[in-house]
Amino acid sequence: MPPPPSQPPVGTRHKVKPPKKPWSTKLAALEKELEELPSLIKKKFKKWTNGARDFQLKCMRAQVLKQDVLLQAATGSGKTGIAAGPHLLPSSEGKVTLMVSPLLALENEQVATFHDEFRLKAIAINSENGGCLPSIAAKIISGEYQIVLLSPELLVSRKFIDDVLRKPAFGSRCLAVFIDEAHCVSHWGASFRKAYSSIGVIRAFLPRETPVIAVTATLTPAVHQDLLTKLQFDPNSYLFANEGNDRPNVSQVVRAMEHPASSFRDLDFLIPTAMASTTAIQKGFVYCDDIKAGAVITDYLNQRVDPQFRKLGLIRPYNASMSKKYRKRVMQLFREGHIRILVCTDAAGMGCDIPDVSIVVQWKAAENLSSWVQRAGRAARGWGRTGLAVMIVEKSAFEAAAVSPPPTVAPGRRTGRDCGKGGGEHAIEHGLKRGTYGGQHDTVVPLDEAHITSDVLRDAKGEGLYFYVQTTRCRREILRTVFRNEPSGADQALCCDICNPGLFDHVRPSKPQQATRQRAPKRTTPVDSVRTALYTWRREMKTKYWQGQLWGPQAILSDNNCELLASVGPIESEVFLASILQDSWAWWDKLGGELYLLLNSLAIPALPARTTSRSLKRLPDNNPSAGSSSSTLLNTSPTKRARIAQALPSSTSSDPPQTGSEQPPNSCGTDPASLPFPPSSYDIFFSQFNRRAN
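Note that the working numbering has the sequence shown beginning at 604, numbered continuously upward.
1. Report the residue from L1198, S1182, L736 whose alpha carbon sits nearest the alpha carbon of I1159.
2. What residue range is occupied by the uninterrupted alpha helix (DSSP H) comprising S754?
3. Using 10 angstroms around the beta-carbon of F795, count the other beta-carbons present and answer buried if the total reaches 16, otherwise exposed.
4. Is Y890 near V960, with beta carbons less than 8 Å apart?
5. Hey, how far is the Cα of V780 from the Cα of I962?
6. Helix, strand or coil for G1065 per DSSP?
7. I need the DSSP call for Y929, collapsed to helix, strand or coil.
8. Whole angstroms is fine: what's the gap from M925's alpha carbon to E1052's?
9. Give the DSSP-derived three-state secondary structure of S1228 in the structure shown.
10. Under a three-way DSSP split, which group does W1140 fall into?
11. By Cβ distance below 7 Å, which residues in the same chain neighbour L664 in space, the five residues on each side in sequence not counted?
12. Which two residues bound the contiguous alpha helix (DSSP H) that contains N922?
13. Leaving out the 5 sequence neighbours to the left and right, which residues in its chain are closer than 6 Å to T683 when beta-carbon positions are compared?
14. What does the alpha-carbon distance come out to for the pair R776 and T700?
15. Just mark K1147 as buried or exposed, buried being the case when its beta carbon has 16 or more other beta carbons within 10 Å.
16. Can the beta-carbon of N1164 be found less than 8 Å from the beta-carbon of L1184?
17. Determine the contact status of I944 and L873, defining contact as a CB-CB distance below 8 Å.
18. Taking all protein chains shown into account, do 16 or more other C-beta atoms lie within 10 angstroms of the C-beta of R1078, making it buried, or fewer, making it exposed?
19. May I ask which residues mark the beginning and end of the beta strand (DSSP E) holding S880?
20. Anyone know if the C-beta pair for R907 and D871 falls short of 8 Å?
21. Leaving aside the five residues before and after A1189 along the sequence, list all residues of the same chain whose C-beta is less than 6 Å from its C-beta, in chain order.
22. What are the residues that DSSP puts in a beta bridge with R858?
23. Label G761 either buried or exposed according to how many other C-beta atoms from any shown protein chain fall within 10 Å of its C-beta, with 16 as the threshold for buried.
24. Who does W966 pair with in a DSSP beta bridge?
25. Where E1175 and L1210 are concerned, what is the direct C-alpha to C-alpha distance, given to the nearest angstrom?
26. Touch check for the segment 1053-1063 and the segment 1034-1045: three-plus C-beta pairs under 8 Å?
27. State buried or exposed for S1057, treating a residue as buried only when at least 16 other CB atoms are found within 10 Å of its CB.
28. Where does I1174 fall in DSSP's three states?
29. Please report the Cβ distance between T821 and H862, rounded to the nearest whole angstrom; I am assuming they are in contact, meaning their Cβ atoms lie under 8 Å.
30. Just to check my reading of the structure: P630 and L691 have Cβ atoms closer than 8 Å, yes? What is that Cβ distance to the nearest angstrom?
31. Just to confirm, are N1088 and G847 a CB contact at a threshold of 8 Å?
32. Is it buried or exposed for T948, if we count other Cβ within 10 angstroms and need 16 for buried?
33. Could you tell me which residues DSSP puts in a beta bridge with F843?
34. Counting along the chain, where does the beta strand (DSSP E) carrying C947 start and finish?
35. Using three-state DSSP, classify G1196 as helix, strand or coil.
36. For V976 and V818, I'd like the C-alpha separation in whole angstroms.
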C-alpha cells in the first residue's frame, strides 16, 4: 500500500526541501531587522557618524522588502550608500547586489569606496580587469562578493546571462539590481550606448521579486517616464522618492565669451597672475567635450602658470582615451592636491567623491540641463564647503530661440537673424553683455517670464538649457521647474549671478586686447631640404626629451608647421620665428630656441621678388590726334552703369547735333572698339542699335 500523499517515499526524504515560510512570517522578521538598521549604520559605516538620512532609510527598506525604487537626489547626497545599507542585515548574508555603472573609471573607484567606507567586498568586472572569467563567475554565484560592478553591455551580454544570471544558485542570492546614474538609460540608451535601453530584459532571468533600484541626480518628467518603460517598473507598485537636486552651497554663474573661442582667454581667471604657492590655483574641473580642444586648453593654462611652478604639471587632461595607469595616477594626484585643475570629459567627476573641489567650469554650452547639473554638482561636496560652477557659453546661446517659434507667432516669411533666433536686442536684454571685463552691464532688468511653464520646458531644447542661459530671474527657478525641486534654500549672496551679480568678479575674462591685424608671412614653394631637416630635427627632439613615449614626432612639430617653415624663406631672427609659431605652437617655450638655431644654420634661399600687377591700364593709341595723351594712365575705371550712362545722349532734345560740333566721346555714335576700356554687352548693343537706326 503506498504511503500517504503528505509523506515522501522512504529513502527520499533527504531530498525534500523544507516547506517555505509564508511571506507574512518573512515580512515580520524583516521588519524587526529593519528597526535595527539605523543603529547598525552608525556602528558599521565609519563616515556615517550622524546616521542615515530619511530618504536613504526609506529606499533601503523598500529594497529589502523587494520593491522597485526610483530616486532623484542631489550629487554627493549619499545615493551609493543605499546599495550598501541592506548588506548589514542578517537576512542579507551571502546576498549579492549587481550595480550597473556607466564608466570604467567609476567602477574601479566605487570598488575602493565600498571597501574603505562601507567595509564590503566588491569587484569590478570589465576589460581592464580581465572580464567575466569562469573563475570570477563561480565566485559571484557562490556569494563571495557582496557588490558586483559592471557595465550595461556586460550585464545584457549572452556570456554573463548564461554564466551567471541563468544559474538558479545566483537567482536566490541576488539582493537587487542597482542602476547608478540612471539618467544614462534615457540619454545614452537612445544613441551610443544601446545596451542601456535593454537592461529591463534581465528581469526574465531573475526571480520575479528581485527589485531594481534606479538612482540619479537629474530626473526630468520625460526621463522619469522613459525609465519606467525601459526598466519595466510596475507603475502602481514602485517607490518614487524625489529629494530634488538643488545644491545651495554651489553658486551658479553663466556668462558669454568675450574673447574669440580659439584664444581661450575667457579662462584666464583660473590662473592668478601672482602665485606664492601652487594652492593659489583653485582646485577644479574644466569640462570640455572636445578632447582636442581640451588638450589645447591644458597647454594654454599651463603657459599662464608662474614659471617657477610650470614644470610641476598642475593642469592635466583627463578623458577616457587615456590609459588606465595614467588616469589612476592623475586622479590620485588630483585628490591629494598636487594637480590643481583637470581639463576633462565626463570620464572625470561622474560619481567621484572629491570633497575639496572649489570650482567647476563648463566650456561652451552643455548638451542639456542634466549634464550641467551633474557637472556643477562636482563642486564643494565636502561638509561645510562652498563652491562655484560657471558655464561660459558662446554668444549665440543668448540669441538662440529657446524653443522653435510656432507659425502663428510671426506670420509671413521669417528671414535673416529673426529666423530661429532672438536677434541682437533680444540677446542684450537676456544678459549677453553681463560678466564682461569692465562690469558695466552686470545688472539685469527682470522680464516677464510667466510663459516659462513646466509644459514649455518639457518640450524645450536641451531640457530648457537656453531658458536657463537667457533667464533674467533666479536661475534656480528654472531648475526647480525642470527637475521638480522644492524651493531653494540658497543664500542670495551665494545663489546665482542674477541674484548676486558680484559673483562675476570671480570669473571675469581678461582685458580685451586692441584688435591688430597681423600680416601673414610671405610664402613660396616649400624647400625640400628645409622640410627634410625639420623632420630629422623633430625625431632628434623626440629621442632627446621623450624617448620611449608611445607617440610620434609629429606631436612635437606637425607636418603643416614643417611646410610653413620651409616656405617662408630665411629665418634671420628669433623674433621673426616667434611671429610665425609662438601663438600656435605649444612647445615654443621649451623648444623654440633650439628650433631657431637649426633654421638659422640652414642655407635657405631667399624668397623670389614678387611682381605686382597693376590694375591701371594705358589708353589705346587708336586716335592719332590724341598725341601724347594716349599714353596717360586712367586712375579709375568707370562702372558698368557709368559706361551705359556715358553711352547715352547727353541731351533729351530731338534736335540733331550741330555740324562741326564735338560729339561726346561715349555717345551712341562711337564705335565700341575706340573706347578706352573693354566694351560691355550694353555698349555693343547700343552701338549696333544706333547703326541700324541710321
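For glycine and all other residues, C-beta sits at the position ideal for the given N, C-alpha and C.
What you are looking at is a predicted structure, and each value in this text was computed from that prediction instead of being measured.
Put simply:
1. Working through the sequence shown from its first residue, we reach residue 1159 at position 556. Selected option, being the one with the closest Cα: L1198.
2. The count along the sequence shown starts at 1 and reaches residue 754 at position 151. From DSSP, S754 is part of no alpha helix (DSSP H); its letter is neither H nor E.
3. The count along the sequence shown starts at 1 and reaches residue 795 at position 192. With fewer than 16 other Cβ atoms within 10 Å, it is exposed.
4. Residue numbering aside, residue 890 sits at position 287 when the sequence shown is read from its first letter. Residue numbering aside, residue 960 sits at position 357 when the sequence shown is read from its first letter. No, Cβ-Cβ distance for Y890 and V960 is not below 8 Å.
5. The residue you call residue 780 lines up with position 177 of the sequence shown. The residue you call residue 962 lines up with position 359 of the sequence shown. V780 and I962: Cα-Cα distance of roughly 34 Å.
6. In the sequence shown, counting from the first residue as 1, residue 1065 sits at position 462. DSSP, reduced to helix, strand and coil, places G1065 within a helical segment of the structure shown.
7. Here residue 929 is taken as the residue at index 326 of the sequence shown, counted from 1. Helix.
8. Residue mapping note: residue 925 aligns to position 322 of the sequence shown, counting from 1. Residue mapping note: residue 1052 aligns to position 449 of the sequence shown, counting from 1. C-alpha separation (whole angstroms): 45 Å.
9. Reading the sequence shown from its first residue, position 625 is the one you call residue 1228. Residue confidence is low: S1228 scores 45 on pLDDT, short of 50, so the model does not pin down where it sits. Its coordinate-derived value is still stated next. Of the three classes helix, strand and coil, the one that applies to S1228 here is helix, per DSSP.
10. Taking the first residue of the sequence shown as 1, we reach residue 1140 at position 537. Looking at W1140 - three-state DSSP - the assignment turns out to be helix.
11. Within the sequence shown, the letter at position 61 stands for residue 664. A small fix is needed here, since residue 664 is Arg in this sequence, not Leu. The answer, listed in chain order, is L637.
12. By one-based count along the sequence shown, residue 922 stands at place 319. For N922, there is no enclosing alpha helix (DSSP H), as DSSP marks it with neither H nor E.
13. The count along the sequence shown starts at 1 and reaches residue 683 at position 80. Around T683: no qualifying Cβ.
14. Taking the sequence shown and counting its residues from 1, the one referred to as residue 776 is at position 173. Taking the sequence shown and counting its residues from 1, the one referred to as residue 700 is at position 97. Cα to Cα, the separation comes out at about 9 Å.
15. The residue you call residue 1147 lines up with position 544 of the sequence shown. K1147 is exposed by the Cβ-count criterion.
16. Stepping through the sequence shown from its first residue, residue 1164 is reached at position 561. Stepping through the sequence shown from its first residue, residue 1184 is reached at position 581. Yes, they are a contact pair.
17. Residue numbering aside, residue 944 sits at position 341 when the sequence shown is read from its first letter. Residue numbering aside, residue 873 sits at position 270 when the sequence shown is read from its first letter. Yes, these two residues count as a Cβ contact at 8 Å.
18. Taking the first residue of the sequence shown as position 1, residue 1078 is located at position 475. Result: buried.
19. Here the question's residue 880 lines up with position 277 in the sequence shown. No beta strand (DSSP E) contains S880, which DSSP labels as neither H nor E.
20. Along the sequence shown, one-based indexing puts residue 907 at 304. Along the sequence shown, one-based indexing puts residue 871 at 268. A contact, by the Cβ cut-off of 8 Å.
21. Residue 1189 sits at position 586 when you count from the first residue of the sequence shown. Within the same chain, A1189 has close Cβ partners D902.
22. The residue you call residue 858 lines up with position 255 of the sequence shown. Paired residue(s): I995.
23. Position 158 of the sequence shown, counted from the start, is the residue given in the question as residue 761. It should be noted that the sequence gives Arg, not Gly, for residue 761. With fewer than 16 other Cβ atoms within 10 Å, it is exposed.
24. As a first step, residue 966 must be located in the sequence shown, where it is residue number 363. Its beta-bridge partners are I995.
25. Within the sequence shown, numbered from 1, the residue matching residue 1175 stands at position 572. Within the sequence shown, numbered from 1, the residue matching residue 1210 stands at position 607. Going by the C-alpha atoms only, they are around 13 Å apart.
26. no
27. Residue 1057 sits at position 454 when you count from the first residue of the sequence shown. Exposed: under 16 other Cβ atoms inside 10 Å.
28. The residue labelled residue 1174 in the question sits at position 571 within the sequence shown. In the three-state reduction of the DSSP assignment, I1174 falls in the coil class.
29. Translated into positions along the sequence shown, residue 821 becomes position 218. Translated into positions along the sequence shown, residue 862 becomes position 259. Contact doesn't hold; Cβ gap of about 31 Å is too wide.
30. For the purposes of this step, residue 630 is identified with residue 27 of the sequence shown, where counting begins at 1. For the purposes of this step, residue 691 is identified with residue 88 of the sequence shown, where counting begins at 1. This sequence places Leu at residue 630; Pro is not what is there. About 19 Å; that fails the 8 Å criterion.
31. Your numbering for residue 1088 matches position 485 in the sequence shown. Your numbering for residue 847 matches position 244 in the sequence shown. Taking 8 Å as the Cβ cut-off, N1088 and G847 qualify as a contacting pair.
32. Locating residue 948 in the sequence shown gives position 345, counting from the first residue. Buried, by the Cβ-count rule.
33. The residue labelled residue 843 in the question sits at position 240 within the sequence shown. L673, per the DSSP bridge assignment.
34. Here residue 947 refers to the residue found at position 344 when the sequence shown is read from its first residue. It spans 944-947 - the beta strand (DSSP E) in which C947 sits, taken as one unbroken run.
35. Here residue 1196 refers to the residue found at position 593 when the sequence shown is read from its first residue. The answer is helix: DSSP assigns G1196 an H, G or I state.
36. Position 373 of the sequence shown holds residue 976. Position 215 of the sequence shown holds residue 818. If I take the Cα positions, the gap works out to 15 Å.
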